[in-house]
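In my numbering, the protein residues as written are 3 to 207.
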């Protein structure tokens, strides 16, 4: 079971309508077992290597973000776990105010208490943005690679995962050198995370 929409999808639609453009999105949620383990592996490597071991918050990343925020006198950023990102996508605006960060923290705790890790990853992979108006693994796989999400290779998965921080400009249609370097770096990290075999089996080309 998946939501009818998300806060981020509704925000995208609203902005498109304001521009006088079509507000249609590509979004086809699919069951967890219809998403390639390859994509799951590289998303963990890219976004949250501690995902299976934390309670919604990465102590190391959060500490670094808070120290940086103190230096720059702004709300913490860059420390979002997959659970935090899911909370934000489902229910919150994409701003970076302190109030929103506090709401995000409360919702993150609720998600971790209510759902298992597999269900959190399932929802995340089905709602996150992979490009302008492209949401979820299935729509992304079909748009960029003309195949269903369960057939993604490890490199194709990394190409999708690499765009998550800035999907409108970093995606498999992008010619950015920084994006290409990020794809390679994610593959390196994924190759070093032996514990992923325990959750997803061995990665396949």
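C-beta: ideal position from N, C-alpha, C; glycine also.
In this text, all values refer to a predicted model and were calculated from it rather than measured experimentally.
Residue i classed as buried or exposed, judged by whether at least 16 other C-beta atoms fall within 10 angstroms
i, result
"residue 192", "buried"
"residue 3", "exposed"
"residue 43", "buried"
"residue 95", "exposed"
"residue 110", "buried"
"residue 68", "Residue placement at residue 68 is flagged as unreliable, the pLDDT there being 48, under the threshold of 50; a coordinate-derived value is accordingly withheld."
"residue 180", "exposed"
"residue 133", "buried"
"residue 207", "exposed"
"residue 22", "exposed"
"residue 112", "exposed"
"residue 232", "Lying outside 3 to 207, the shown extent of the chain, residue 232 is not represented and no answer is given."
"residue 80", "The pLDDT assigned to residue 80 is 48, lower than 50, so where the model puts this residue is not dependable, and the model offers no usable value."
"residue 116", "exposed"
"residue 210", "Here the chain comprises residues numbered 3 to 207, so residue 210 is not present and cannot be evaluated."
"residue 17", "exposed"
"residue 72", "Because residue 72 sits at a pLDDT of 49, beneath the cut-off of 50, its placement in the model cannot be relied upon, and the following sentence gives the value as read from the coordinates. With fewer than 16 Cβ atoms within 10 Å of its Cβ, residue 72 is classed as exposed."
"residue 199", "exposed"
"residue 41", "buried"
Cβ-Cβ distance between residue i and residue j below 8 Å
i, j, result
"residue 124", "residue 84", "no"
"residue 28", "residue 141", "yes"
"residue 151", "residue 37", "yes"
"residue 160", "residue 185", "yes"
"residue 119", "residue 54", "yes"
"residue 188", "residue 47", "yes"
"residue 174", "residue 146", "yes"
"residue 15", "residue 25", "yes"
"residue 138", "residue 39", "no"
"residue 122", "residue 88", "yes"
"residue 45", "residue 108", "no"
8 Å contact criterion, which residue i and residue j should meet: CB distance rounded
i, j, result
"residue 169", "residue 131", "4 Å"
"residue 91", "residue 8", "5 Å"
"residue 114", "residue 58", "4 Å"
Residue(s) in a DSSP beta bridge with residue i
i, result
"residue 28", "136"
"residue 131", "137"
Legend entry - Whole beta strand (DSSP E) elements within the stretch 141-190, 3-residue minimum: With a minimum length of 3 residues, no continuous beta strand (DSSP E) run stays inside the stretch 141-190.
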